[in-house]
Amino acid sequence: MTLKCVLKLTSQPNLSVTKTKGSSWSASKTHDYLQLVCTMPPNPPMSSLLLHRINHTAAANCHDTLLVKPFAAVPDAVAGYHTHAVATNQCCSAVVQEIAASVATVWSVVRRFDNPQAYKHFVKSCHVIGGDGDVGTLREVYVISGLPAARSTERLEILDDERHVISFSVVGGDHRLVNYRSFTTLHPAAAGAGTVVVESYVVDVPPGNTREDTRVFVDTIVRCNLQSLAQTAENLTRPNNNNNNDYKFCS
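Counting along the sequence shown from 1, when you hit position 216 you're at 216 in full-length UniProt numbering, and nothing is skipped either side.
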C-alpha cells in the first residue's frame, strides 16, 4: 500500500511524501523540489527525531513516554504536556525545534489560533467558526491541494500565555487523522539565547496503516511546520524586517 502526497506551493519547492513498505527512509533535493520517500524496514530503528521513545504496552492500552535528549532537555512542567497515554489503536510522537528568537517572539506567532497559515504552509486558509479566541474556539482549516484531505475542523483546548502552551484537537473534516490532538510548548533554550519548541500529538492509526506508517507521515508534516515557524520567527527579529517570507522548505 502506497500513500503519496505531492504538495504544490506558490514560490515554494514541491514536497513529495511517499510511504511504501519494505525499505528505509530516503530523501533527495534538487533546485526545484524536495522529495521525501518514507519507507519502513521490517524491524525499524528508534525514531530519528530529537527524542527517545519508550513504549510500554499492556493488554488494554499503552503509554508512550517521550523523553527529549539532554541537549534539548525540557523542564518537568513542560515534559508533562508531552507524556501521553494512548489506546492500542493510537500512536503518539513529538518533534523538537530550536529557534534563534525569543520565547515572546515565537509565542506571538504560535498563539494565533486564528492564523495557522502564518507558518503552516500546508494551510491554504483558516476561518474562525465559533468562539472569540479563548479555549473552546472552533476553526475551519482548508489545506493546499495534494494532501489526502481538504479541510479540518479544530477546537482550541489550551491557550496558556504564562506557560506558553497551546493545544488543539481535530473534531471534524474530511481526512484520516481521527481523534488527533496536538500539544505545543515553548521554553528558553539552555544557553539562554533562543527558544525550544516541542510539539507532540496523539492520533488514531487509520485502518490499513501501522503506528509507524502514521508517525512517519505526521512527523513529516509537524517537522516542516516547525522549521517554517523557525524561519518566520527569526525573520521577525531581523533589523529592518519587511515581513518578506524568503523560505526554504523542510529538510
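Each residue gets a CB set at the ideal place from its N, CA and C atoms; glycine is no exception.
#1: If you scan the segment 91–136 from start to end, which runs of the beta strand (DSSP E) of 3 or more residues do you find wholly inside it?
#2: So what does V199 bridge to, in DSSP terms?
#3: Classify S167: buried if its beta carbon has 16 or more other beta carbons within 10 angstroms, exposed otherwise.
#4: Rounded to whole angstroms, how far is the Cβ of A101 from the Cβ of L236, which I believe are closer than 8 Å?
#5: What do you reckon, are the CB atoms on R155 and V141 nearer than 8 Å?
#6: Examine the Cβ distances between the segment 205–216 and the segment 117–132 and report whether three or more of them are shorter than 8 Å.
#7: Which partner residues does D160 have in the DSSP bridge list?
#8: Quick check on D219: buried or exposed, where buried means 16 or more other Cβ atoms within 10 Å of its Cβ?
#9: From which residue to which residue does the beta strand (DSSP E) around L226 run?
#10: Of all the options E199, V216 and I158, which has the alpha carbon lying nearest to the alpha carbon of L229?
#11: Quick check on the burial criterion: 16 or more other C-beta atoms within 10 angstroms. Buried or exposed for I129?
#12: What is the C-beta distance between T153 and V171, in whole angstroms, given that I count them as a contact (C-beta under 8 Å)?
#13: Determine the direct distance from the alpha carbon of E98 to that of A193, and round the result to whole angstroms.
#14: Assign H84 to one of three DSSP states: helix, strand, or coil.
#15: How many angstroms separate the CA atom of Y201 from the CA atom of Y180?
#16: Quick check on N89: buried or exposed, where buried means 16 or more other Cβ atoms within 10 Å of its Cβ?
Answer, in terms of the structure:
#1: Listed in chain order, the complete beta strand (DSSP E) runs (minimum 3 residues) inside the segment 91–136 are 123–130.
#2: Translated into the one-based positions of the sequence shown, residue 199 becomes position 199. Here the sequence assigns Glu to residue 199, which means Val is not the residue at that position. Partner(s): V95 and T184.
#3: Within the sequence shown, residue 167 is the residue found at index 167, counting from 1. By the neighbour-count rule (16 or more Cβ atoms within 10 Å), S167 is buried.
#4: Along the sequence shown, one-based indexing puts residue 101 at 101. Along the sequence shown, one-based indexing puts residue 236 at 236. The C-beta distance from A101 to L236 rounds to 7 Å, short enough to fall under 8 Å.
#5: In the sequence shown, the residue the question calls residue 155 occupies position 155. In the sequence shown, the residue the question calls residue 141 occupies position 141. It is not a contact, given that the beta carbons lie outside the stated cut-off.
#6: no
#7: The count along the sequence shown starts at 1 and reaches residue 160 at position 160. V165, per the DSSP bridge assignment.
#8: Stepping through the sequence shown from its first residue, residue 219 is reached at position 219. It is buried - the Cβ of D219 has at least 16 other Cβ atoms within 10 Å.
#9: In the sequence shown, residue 226 corresponds to position 226, counting from 1. Run containing L226: none in the beta strand (DSSP E); it sits in the alpha helix (DSSP H), R211 to L236.
#10: Against the sequence shown, residue 229 aligns to sequence position 229. L229 has its Cα closest to that of E199, out of E199, V216 and I158.
#11: By one-based count along the sequence shown, residue 129 stands at place 129. By the beta-carbon neighbour count (other beta carbons within 10 angstroms, threshold 16), I129 is exposed.
#12: On the sequence shown, position 153 is the one that residue 153 refers to. On the sequence shown, position 171 is the one that residue 171 refers to. The Cβ separation is near 5 Å, so the contact holds.
#13: Indexing the sequence shown from 1 puts residue 193 at position 193. Indexing the sequence shown from 1 puts residue 98 at position 98. Whole-angstrom Cα-Cα distance: 10 Å.
#14: Walking along the sequence shown from the start, residue 84 turns up at place 84. In the structure shown, H84 adopts extended strand secondary structure according to DSSP, grouped into three states.
#15: As a position in the sequence shown, residue 201 is number 201, starting the count at 1. As a position in the sequence shown, residue 180 is number 180, starting the count at 1. Those two C-alpha atoms are separated by around 7 Å.
#16: The residue you call residue 89 lines up with position 89 of the sequence shown. Taking a 10 Å sphere around the C-beta of N89, we find fewer than 16 other C-beta atoms and assign the residue as exposed.
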